[in-house]
Amino acid sequence: MTDLKTPSLCGSWISSFTPQIVNGKNIIFSELTRDHHDIYWLERRPAEQGRTVLVKWNKQEGIKDITLSPFSVGSQVHEYGGGAYHVHNHQIVFSDQKTGSVWFIDNKQEPVLIFQNDQYRFADFQIKGQYILCVAERHQQKQVKNSLVALSISTPQQITIITEGADFYSFPRLSPDQQHLAWIEWDHPHMPWEATRLCIAHINQASHLENKRIVAGIDQEESLIQPGWTSDNQLIVCSDRNNYWNLYQVDRINLQLTPIAPMEAEIGLPAWVFGQQSWYFIQNNHFIAQKITNGCAETILINNNKITPIDLDYPNTCPVPLQDQNSFAWINNSPYRPAQIMMQDSAGKQHILAQATSIKFDQKDISYGQPICFSTQDRQKAHAFFYPPTNKDYCSIQGELPPLLVLAHGGPTGQTTNAFSPRIQFWTSRGFSVIDVNYRGSTGFGKEYRNALQKNWGILDVQDCIDACQYLIDRGKVDPKRIVIRGSSAGGFTVLTALIQSQLFAAGSCLYGVGDLTAMAEDTHKFEARYLDGLIGKYPEEKHIYKERSPLNHIHNIKSPSIIFQGLKDKVVPPSQAEAIINALKENHIPYAYYTFPEEGHGFRQEETLTKVLEMELSFFGKILGFIPANLNEEVSIYRKS
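Printed below as a string of structure tokens:
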């Protein structure tokens, strides 16, 4: 017996993925770690105004919130944060997102304030005796200085700089015997995925550094990330010197790197945020790692250069080894269900410790992201995940091809995966096809693919999005007259540029997108202040290219309706850029909708905001593409030429 489906116009299908369910009930997990028999992770809870909570699990107590309201664990170093807590021997240090203050919890006691100063931000913590070692970022009279510092636990408000001089620092990592500190540093104009240095120094009991040495990264441009130690104090690091981030053992005497299980796959991620970990040492020359091949992740064990895949479902980063042999914990990001915290015990049995939502979705309503590789106009290859429209109760009317939503990820040095995304299911369950593009410049495909976007941002990313659409059009998968494009931040830049360069798109949605490259080069935060040197060209020497590539200078070429969303506290892409885009659309009589959010920054967090964005996008696309969305609480207001 077959299931009967109701034919209905794509876009108008009734969906179980409501905006409220997609945003309000879906917790975002991150930064899982362990300390002895305790497992820790962070939960960002949209229903609590986007507050991020440190959570602990163990067999005796189950799940317990460690940081109570009003704390929200987070960091604003580099604006993007990450690495906002650390646990060692039942001691916890964390940073509060709103105040930037650093707090210390000693063995279940109440949090104690260690340091607070409006000029400082902190991230990437280590605990050494009575000191907290971390990255510090000081903002003083529009000058930003980064350093590694030691905060005194016994004497609050005492801060000591232990090394400075580089533009940026990350990954301070203590050796197990606490005698050495390794870290990563780099300077403008490089980004951490372009060129960094691996450094090491002896660290004494007072947390002063002695005999600092640059171990790697001084003679060639290579991205060194994620240093760490084995139990016998051998230093390990990830390097992309052979096109892919791979593991290397460091000879600290001869300053040489020896590859560990070389492979044409990535063990590493672009260091946009602190706290990333793509590998762990287990014991006896055994490592566990997450390798990414052509954008798809797999968990592996490495033993004396031998690689063995292990089946742990769908970890979103490297699983954390636990104290019991062959046991691991991880954040599970399956393509088929919402995120989970999972653990495998020593007997090989897997347990679910926490779930992003208690809502159970029917598997017949879930669209699976199919990896595709397609040819580009210049005879290269690019990658994407394709999601066909899927709903257990509805199908398209006879002869109708579905509309297509094109997603351009942010970064642009970033990557999309086919992990379950309620926001993608929001569209596919209503009758949209979705293609999520890993355009050239994305990570997960090696250095050559990542560097293809150098000097080509606004060209290859747009071309790849267009070619992804053409790939689907040629195969009769989508309606070529009903293609819309969406992106945020750098993805918003791709959206605007695509609307300028091509008439393929019927509409676009831009969230806090870059509109003026010159303004961004002159007025953005320190971490990305020279990012465009690689993506566009040296500034101000090649200022003419910035003007040529800035969407704001070509808004008159946009003929497609556009909807713009902007946080008024955004320091990465200032609201002035969105205002300039809107003014240009208005002057050219292009239909548009514009929504601002006074309490949002770069990346929306609050449930109310996220819900509003989805509802307005759906209403906007419905008016443009000619369908009536089901169960909308509010309709979009579109400015049109009078």
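One rule links them: number in the working numbering = place in the sequence shown (from 1) + 939. Cβ atoms here follow ideal geometry from the backbone N, Cα and C, with glycine treated the same way. As the structure is a prediction and not an experimental result, all values here were calculated from the model.
Residue range of the beta strand (DSSP E) that includes residue i
i	result
His1322	1320–1326
Leu1549	Leu1549 -> not in any beta strand (DSSP E); alpha helix (DSSP H) instead, spanning 1546–1564.
Glu1076	1070–1079
Lys1084	1082–1091
Gln1244	The question names Gln, yet the displayed sequence has Asn at residue 1244. Taken as a continuous stretch (DSSP letters only), Asn1244 belongs to no beta strand (DSSP E), as it is neither H nor E.
Asn997	990–997
Glu1573	Segment: none, Glu1573 is in no beta strand (DSSP E) and carries neither H nor E.
Asn1265	Here Asn1265 belongs to no beta strand (DSSP E), and DSSP marks it neither H nor E.
Asn1377	1372–1377
Ile1151	The residue you asked about is not Ile; residue 1151 is Lys in the sequence shown. Unbroken beta strand (DSSP E) run through Lys1151: 1148–1155.
Leu1340	Element bounds for Leu1340: n/a, residue is neither H nor E.
Gly1001	1001–1004
Ser1034	1030–1034
Gln1289	1289–1294
Tyr1534	1531–1536
Pro1095	Unbroken run through Pro1095: none, as it is neither H nor E.
Trp1396	Trp1396 -> no beta strand (DSSP E), and no H or E assigned at all.
Ser951	Note, Ser951: premise wrong, no beta strand (DSSP E); not H, not E.
Val1511	Per DSSP, Val1511 belongs to no beta strand (DSSP E) and is neither H nor E.
Simplified DSSP assignment, three categories, for residue i
i	result
Ile1363	helix
Phe1401	Phe is not the amino acid found at residue 1401; the sequence shown has Val there. Helix.
Asn1056	coil
Met940	Note that Met940 scores 38 on pLDDT, short of 50, meaning its location in the model is unreliable and no value can be drawn from it.
Gln1117	coil
Tyr1582	A question about residue 1582 goes unanswered here, because the residues of the chain that appear run from 940 up to 1581.
Leu1443	coil
Ile1280	strand
Asp1418	coil
Cys1408	helix
Gln959	helix
Asp1106	coil
Ala986	helix
Asp1332	coil
Asp1304	helix
Among the options, the one whose alpha carbon lies nearest that of residue i
i	options	result
Ala1519	Gln1309, Glu1574, Leu1456	Leu1456
Asp1252	Val961, Lys1416, Gln1289, Asn1242	Gln1289
Asn884	Gly1214, Ile1246, Ile1192, Ile1157	Given a span of 940 to 1581 for the chain in the structure shown, any question on residue 884 remains unanswerable.
Phe1371	Asp1418, Gly1385, Ala1407	Asp1418
Pro1209	Gln1364, Gly1104, Pro1050, Phe1384	Phe1384
Leu1163	Ala1140, Leu1196, His1541	Leu1196
Ile1153	Ala1145, Glu1160, Phe1466, Ala1140	Ala1140
Leu906	Gln1364, Met1282, Glu987	In the structure displayed, the chain extends from 940 to 1581; residue 906 sits before or after that span and is not available.
Gln1117	Asn1028, Asn1085, Tyr1024, Asn1172	Asn1172
Ala1323	Asp1332, Gln1337, Cys1334, Gly1308	Gly1308
Arg1425	Ile1405, Leu1411, Gln1409, Asn1522	Ile1405
Arg1488	Ala1517, Tyr1108, Leu1399	Leu1399
Glu1205	Leu1571, Gln1393, Ser1178	Ser1178
Phe1061	Asp1190, Val1212, Gln999	Val1212
Bounding residues of the alpha helix (DSSP H) (the contiguous stretch that carries residue i)
i	result
Gly1430	1429–1440
Ala1517	1514–1526
Whole-angstrom C-beta distance between residue j and residue i, which should lie under 8 angstroms
i	j	result
Gly1234	Gln1079	With a Cβ gap of about 41 angstroms, Gly1234 and Gln1079 do not count as contacting.
Cys1219	Pro1260	In the sequence as presented, Cys is not what sits at residue 1219; that position holds Tyr. Correct: roughly 5 angstroms between the Cβ atoms.
Val1088	Ile1101	6 angstroms
Gln1030	Ile1066	6 angstroms
Leu921	Leu1113	Not covered by the structure: residue 921. The range shown for the chain is 940 to 1581.
Phe1444	Leu1438	6 angstroms
Val1074	Asp1063	5 angstroms
Lys1510	Gly1540	7 angstroms
Thr1329	Pro958	In fact, because the Cβ distance is near 18 angstroms, the residues do not count as touching under 8 angstroms.
Lys944	Tyr1333	6 angstroms
Val1453	Val1512	6 angstroms
Problem - Ordered list of alpha helix (DSSP H) runs contained in the region 1450–1509, each at least 4 residues - result: Listed in chain order, the complete alpha helix (DSSP H) runs (minimum 4 residues) inside the region 1450–1509 are 1456–1461, 1470–1474, 1482–1488.
Practice task
Entirely within the region 1158–1237 and at least 3 residues each: give me those beta strand (DSSP E) ranges in chain order.
Solution key: Counting whole runs of 3 or more residues, the region 1158–1237 contains the beta strand (DSSP E) stretches 1163–1168, 1174–1178, 1185–1190, 1195–1199, 1218–1220, 1225–1232.
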